[in-house]
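Colleague: FYI, the numbering for the sequence shown is 2 to 326, going by our numbering. All C-beta atoms, glycine included, are put in the ideal place defined by N, C-alpha and C. Model, not experiment: these values are computed from the prediction.
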Amino acid sequence: MDSKDLKFKKKFIKVYSGLTFARTIYFGIFFYIFGSEYLTLIHVVAFFFTIYLVYLGLYSKVNYTIVQIINLFINPYFLLHFLGSIILWRNLPVYLLWGIFLPFFSLYFGNKKSTLKSGLYLIFTLIMAPVISYLFHIDSYSDHLFKRFSQEQLLLLNYGTVILLFVSFLLNVYVYVEYDASEPKKLFSPPKIYASADNDQNVKDFVYQLKFDKLYDNIITYMEEKRPYTNPDIKITDIAKAVGTNKTYVSMALNKKGRKFNDLINHYRIQHAKKDLLENKKSMREIYTEAGFLYSATFNNVFEEKEGMKPYEYQYINNKKEDLE
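1. What span of residues does the alpha helix (DSSP H) with Asn92 cover, start to end?
2. Helix, strand or coil for Phe83 per DSSP?
3. Measuring alpha carbon to alpha carbon, tell me which of Ile288, Asp140, Lys258, Tyr317 ends up nearest Asn271.
4. Beta-carbon separation of Ser18 and Arg91 under 7 Å?
5. Give the straight-line distance between the Cα atoms of Phe32 and Gln154, rounded to the nearest whole angstrom.
6. Which one of Ala274, Ile70, Glu38 has the shortest CA to CA distance from Glu308?
7. Three or more C-beta pairs under 8 Å: does that hold for the stretch 40-60 against the stretch 73-81?
8. On the criterion of 16 or more Cβ atoms from any shown chain inside 10 Å, does Leu188 qualify as buried, or is it exposed?
9. Could you pull out every residue in the same chain whose Cβ sits closer than 7 Å to the Cβ of Leu20, ignoring the five residues on either side in sequence?
10. I'd like to check one pair, Val244 with Asn267: are the Cβ atoms closer than 7 Å?
11. Skipping 5 residues on each side, what residues in its chain have a beta carbon closer than 7 Å to that of Ala254?
12. With a CB to CB cut of under 7 Å and the five nearest residues on each side skipped, what residues in its chain are close to Ser86?
13. When you compare the CB positions of Ile237 and Val251, do they come within less than 7 Å of one another, or not?
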């Protein structure tokens with residue numbers, strides 16, 4: 002993930018977590034003050050889950066993308082919204098409008114099906130929340146709950162909800178417009194070709210290929226400049242962290258080039274060893290340990306697999322060539 006991606010991801014997390022914190026704190030305090038333990042508990046859980054998502058997005062060793070973070074967030078959001086709607090629709094119907102943000106989340110997935118599903122969920126909530134509330138007599142609990150509130154308190158709650166909704170809507174639009182404007186253009190620049198493309202899947206595949214090509218180049222550059230293969234305990238997660246992604250994407254980038262992680266590491270180790278073998282200044286043990294091998298047997302087997310001969314044979318043949326020259 003380059004610096005622009007990382008900067009936008011931080012902005013995205015700060016905006017959405019800030020909105021969620023504001024919402025959960027506002028409703029949580031309000032319901033706590035006026036005696037609804039159940040509704041307070043829902044918002045306390047949402048508050049701490051948001052803290053967890055902020056940790057995953059900004060401080061976790063795994064470099065989650067925006068889409069992955071939304072995947073972690075969207076199902077609990079569904080649940081919180083649906084439970085709140087069942088209880089509050091009768092006395093606080095404006096609460097149901099929080100569901101309009103679900104289609105916003107789905108836009109980041111880049112396909113119409115996700116947006117359609119979110120829209121259908123919103124319709125489902127608007128229809129089923131009253132039905133479930135009535136069938137299970139939750140509306141009676143809601144009426145009892147809101148009897149504790151004066152007209153002024155209800156007015157405050159509704160005004161606060163509308164203000165939060167309005168601010169949230171504006172920030173959601175702002176963040177998504179920035180995402181939509183920057184994400185595709187930094188990967189490719191010929192819009193005329195893509196605007197006329199009939200097959201969205203082909204365009205998406207091409208974009209992913211560009212991303213993986215760039216990631217593969219970053220991996221190779223890191224291998225050649227930093228020589229991490231000399232560490233005998235090197236793991237794919239170490240490489241992923243160094244190039245700013247996760248092990249799944251590293252594996253996919255290598256696979257698209259027909260390579261495996263272990264093969265790549267062994268390739269560079271053997272090239273390193275070959276150079277030392279030709280210089281003929283080090284012991285065989287020094288050569289294979291400095292290349293990243295722990296054991297002589299492993300070194301010999303990998304070398305023979307790659308070069309078709311044992312290390313000492315390679316060294317002998319090439320030294321003979323030099324003597325003849």
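Modeller: This is what the structure holds:
1. Working through the sequence shown from its first residue, we reach residue 92 at position 91. Taken as a continuous stretch (DSSP letters only), Asn92 belongs to no alpha helix (DSSP H), as it is neither H nor E.
2. By one-based count along the sequence shown, residue 83 stands at place 82. DSSP places Phe83 in helix when its eight states are reduced to three.
3. As a first step, residue 271 is located in the sequence shown; it is residue number 270 there, counting from the start. The amino acid occupying residue 271 in the given sequence is Ile; Asn does not appear at that position. Put simply, of Ile288, Asp140, Lys258, Tyr317 the residue whose alpha carbon is nearest the alpha carbon of Ile271 is Ile288.
4. Here residue 18 refers to the residue found at position 17 of the sequence shown. Here residue 91 refers to the residue found at position 90 of the sequence shown. No, these two residues do not count as a Cβ contact at 7 Å.
5. Taking the first residue of the sequence shown as position 1, residue 32 is located at position 31. Taking the first residue of the sequence shown as position 1, residue 154 is located at position 153. In this structure, the straight-line span from the alpha carbon of Phe32 to that of Gln154 is close to 11 Å.
6. Within the sequence shown, the letter at position 307 stands for residue 308. The candidate whose alpha carbon is nearest that of Glu308 is Ala274.
7. The stretch 40-60, when compared against the stretch 73-81, does touch it at the 8 Å Cβ threshold.
8. The residue given as residue 188 occupies position 187 in the sequence shown. Caution is warranted here: a pLDDT of 37 is assigned to Leu188, below 50, making its placement in the model unreliable, and the coordinate value is therefore given only provisionally. By the neighbour-count criterion, in which 16 or more other beta carbons inside 10 Å mark a residue as buried, Leu188 falls on the exposed side.
9. Along the sequence shown, one-based indexing puts residue 20 at 19. Only Ser169, Leu172 meet the Cβ criterion.
10. Locating residue 267 in the sequence shown gives position 266, where the first residue counts as 1. Locating residue 244 in the sequence shown gives position 243, where the first residue counts as 1. No.
11. Stepping through the sequence shown from its first residue, residue 254 is reached at position 253. Closer than 7 Å at Cβ, skipping near neighbours: Phe213, Leu216, Tyr217, Ile220.
12. For the purposes of this step, residue 86 is identified with residue 85 of the sequence shown, where counting begins at 1. For Ser86, where only same-chain residues beyond five positions count, the Cβ hits under 7 Å are Tyr96, Leu97, Thr126, Ala130.
13. Taking the sequence shown and counting its residues from 1, the one referred to as residue 237 is at position 236. Taking the sequence shown and counting its residues from 1, the one referred to as residue 251 is at position 250. Ile237 is a Cβ neighbour of Val251, given a cutoff of 7 Å.
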